[in-house]
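Going line by line, the protein sequences match chains C and D. In this text, residue positions in the first sequence follow the UniProt record's numbering: the first is 1, and each later residue adds one. In this text, residue positions in the second sequence follow the UniProt record's numbering: the first is 1, and each later residue adds one.
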Amino acid sequence: MQDTDPRLLLLSPRDNVFVLRAAIEAGETLTVSGQEVTVQSRIGMGHKLARQPIRVGDKVLKYGAPIGTATRDIAPGDHVHLDNLKSDYTATHSLEAEKARFGGTA
Amino acid sequence: MTQLTGYPRSDGRKGIRNHVAVAYLVECAHHVAREIAWPQRHQAHLIGFPGCFPNPYAQTMMERLCSHPNVGAVLLVSLGCESFNRYQLEQVIRATGRPVATLVIQNDGGTAATIAKGQAWVAEQVEALAGAERVPMQVSDLVIGTVCGGSDGTSGITGNPAVGRAFDRLVDEGAACIFEETGELIGCEEIMAARAATPALADEIRAAVAKAARYYDTLGFGSFAAGNAEGGLTTIEEKSMGAYAKSGASTISGLIKPGDIPPRGGLYLMDVVPDGEVRFGFPNISDNAEIVEMMASGAHMTLFVTGRGSVVGSALAPVIKVAANPHMYERLAGDMDVNAGRIITGTATLDAVGAEIFDMVLDVASGAQTKSEALGHAEFILTYKSFEPIGPACLPA
């Protein structure tokens with residue numbers, strides 16, 4: 001049995017996140033570093049998923065390089081994105097809140 | 001191997017296209033210039049500067065663009081009362097031996113009369129340029145730029161490293177390759193410094209990225225669009241690491257600013273962030289501003305990697321569109337030249353897509369149209385900026 005789902009791509013052995021080679025749907029169970037995890041919400045291609053436990057204040061590593069700091073504890077299999085990772089340089093802007101607020105149709 | 005040919009220019013450079021540039025010198029002349037170019041829009045491309053007040057950067061950019069190797073003739077369109085130094089611009093173009101004319105709307109009878117005169121001049125030039133001879137050209141005559149736009153989580157693992165492979169081969173064969181932008185390389189400064197040809201250049205690279213970080217910090221907003229986050233990118237340094245992959249693995253030969261022409265082949269980093277205090281807002285307000293700056297540094301064409309799916313092309317210099325995301329490629333295949341998304345689905349290797357991009361560069365240099373060219377895309381944007389000259393350590397000895 002495989003230690004990690006083949007849809008998860010490890011870019012550098014130092015990394016604590018995987019990159020998704022294909023989308024994973026909500027409710028799917030997959031193997032992450034030998035552990036079974038159930039994905040809570042859909043995660044798209046190119047997004048990141050935690051490879052191991054990441055503590056608040058830890059650096060998140062991708063390409064073997066730090067890409068920011070965890071803002072809360074992250075469990076293996078969690079989606080690593082705006083809710084739990086922030087830049088060490090400048091803040092990130094997204095339209096998610098506006099889409100919810102104005103009820104975007106497209 | 002393809003024998004490249006190009007249009008010889010008086011400065012020794014060679015063009016891969018032979019466009020007429022129709023240049024408005026203030027926004028007030030934009031409509032007239034657009035109408036002049038429109039009937040010949042595949043040969044005559046519209047460029048220009050919208051501001052009424054003088055700006056040395058804009059002057060330099062327009063001089064470089066009007067003497068770009070892909071340009072065979074230039075029509076300047078002035079309203080008449082703007083501050084742009086049209087006399088100097090016309091003289092610079094004339095000194096290159098290119099046909100040039102200036103129309104001044106206030107002196108030439110207003111909108112309709114100026115459009116009629118301009119269309120007649122452009123039609124003559126297009127006809128004359130159609131018979132221009134081409135001479136043999138080498139890969140080492142080429143200047144190739146790269147940008148990424150509409151990036152997502154696939155860009156940094158498919159399209160960008162594939163362009164990096166193509167860049168490595170182009171640099172090996174003597175071409176000058178330019179990557180940017182320092183605001184999207186924040187977090188990569190030490191990795192880039194380690195690839196610099198000299199320790200002094202390494203210091204210049206660190207300083208350029210530090211300047212970019214300060215500049216964006218003042219603006220309170222990184223070079224990061226909402227769509228980047230939707231596509232799976234979370235932070236600017238993550239986007240940077242992906243963007244950085246476009247540079248390949250060659251030694252970094254130099255650090256240039258917009259309008260500096262690489263003195264020889266090699267890999268160059270372009271510093272696009274203005275010097276001094278934050279004056280005119282965002283360094284580059286959209287992707288075409290970056291393409292324009294690389295053209296001003298002589299880029300014959302641009303390799304544009306996109307994950308979300310940008311459809312832009314450019315005036316004057318062809319854009320090869322590299323799709324990073326396989327799902328986007330399916331939706332926008334009519335706009336994309338290369339499907340690097342095959343790397344993430346496992347149906348092509350990075351090396352194979354890199355080789356495909358390299359071959360396409362030679363084909364496009366030989367006259368093959370890119371998708372955006374065939375669709376008539378010819379975007380252009382130029383805004384206010386200010387730069388100090390580069391330091392002596394920035395160019396190869």
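For every residue, glycine included, the Cβ atom is placed at its ideal position computed from N, Cα and C.
Exercise for the section: Could you say which of Ile115/D, Pro392/D, Gln40/D and Tyr268/D lies nearest to Lys175/D if we only look at CA atoms? Expected result: It is worth fixing the name first, because residue 175/D is Ala in this sequence and not Lys. Closest by alpha carbon: Tyr268/D.
Exercise for the section: Could you pull out every unbroken beta strand (DSSP E) segment of at least 3 residues lying fully inside the stretch 213-297 of chain D, listed in chain order? Expected result: 252-256 and 266-270
Handout entry: Within 7 Å of chain C by C-beta, residues of the stretch 144-166 of chain D in sequence order
Key = Asp152, Gly153, Thr154 and Ile157
Problem - Reduced DSSP secondary structure (H/G/I, E/B, other) of Lys385/D - result: coil
Problem - For Val39/C and Ile24/C, the rounded distance between their alpha carbons - result: 8 Å
Exercise for the section: Using beta-carbon positions only, say whether Asn85/D and Ala317/D come within less than 9 Å of one another. Expected result: no
Handout entry: Helix, strand or coil at Ala208/D [DSSP, three-state]
Key = helix
Practice task
Thinking Ala21/D and Ile105/D are a contact (beta carbons under 8 Å), I'd like their distance in whole angstroms, please.
Solution key: That pair is no contact at about 18 Å.
Exercise for the section: Sort Gly6/D, Glu181/D and Ser253/D by Cα distance to Phe282/D and report the nearest one. Expected result: Glu181/D
Exercise for the section: Output the boundary residues of the alpha helix (DSSP H) element that contains Glu127/D. Expected result: Gly110 to Ala130
Practice task
Using a Cβ-Cβ cut-off of 9 Å, state whether Glu28/C counts as contacting chain D.
Solution key: no
Exercise for the section: Report buried or exposed for Lys48/C, applying the criterion of at least 16 other Cβ atoms within 10 angstroms of its Cβ. Expected result: buried
Exercise for the section: Starting from Ala70/C, follow its DSSP beta bridges and name the residues at the other end. Expected result: Leu85/C
Practice task
Just the C-alpha distance for Met1/C and Thr29/C, rounded to the nearest angstrom, thanks.
Solution key: With a pLDDT of only 45 at Met1/C, under the threshold of 50, the placement of this residue in the model should not be trusted; the figure read from the coordinates follows. Their backbone Cα atoms lie some 14 Å apart in a straight line.
Problem - Paired residues, beta bridge with His45/D - DSSP - result: Ala21/D
Handout entry: Length of the line joining the Cα atoms of Tyr215/D and Asp15/C
Key = 30 Å
Exercise for the section: Report yes if the CB atom of Glu379/D is closer than 9 Å to the CB atom of Gly334/D, and no otherwise. Expected result: no
Problem - Any 3 or more C-beta pairs closer than 8 Å across the stretch 117-135 of chain D and the stretch 271-286 of chain D - result: no
Exercise for the section: Give a yes or no on contact between the stretch 147-166 of chain D and the stretch 198-216 of chain D, applying the rule of three or more CB pairs nearer than 8 Å. Expected result: no
Handout entry: Residue from Ala91/C, Ala100/C and Arg101/C whose Cα sits closest to the Cα of Asp217/D
Key = Ala91/C
Practice task
Could you confirm whether any beta carbon from chain D is found closer than 9 Å to the beta carbon of Val56/C?
Solution key: no
Problem - the stretch 76-84 of chain C in contact with the stretch 230-247 of chain D per 3-pair CB rule at 8 Å - result: yes
Problem - First through last residue of the alpha helix (DSSP H) which encompasses Ala166/D - result: Gly159 to Asp172
Exercise for the section: Assign Glu133/D to buried or exposed, taking buried as 16 or more other Cβ atoms, counted over all protein chains shown, within 10 Å of its Cβ. Expected result: exposed
Handout entry: Ala225/D versus Tyr7/D, Ile285/D, Gln88/D and Asp203/D, residue with shortest Cα-Cα distance
Key = Ile285/D
Problem - Leu332/D in three-state terms, based on DSSP - result: helix
Exercise for the section: Kindly indicate which three-state DSSP category Cys394/D falls into: helix, strand or coil? Expected result: helix
Problem - Nearest-angstrom Cα separation, counted from Ser87/C out to Ala97/C - result: 19 Å
Exercise for the section: From the DSSP output, read off the bridge partner residues of Ile54/C. Expected result: Ile74/C
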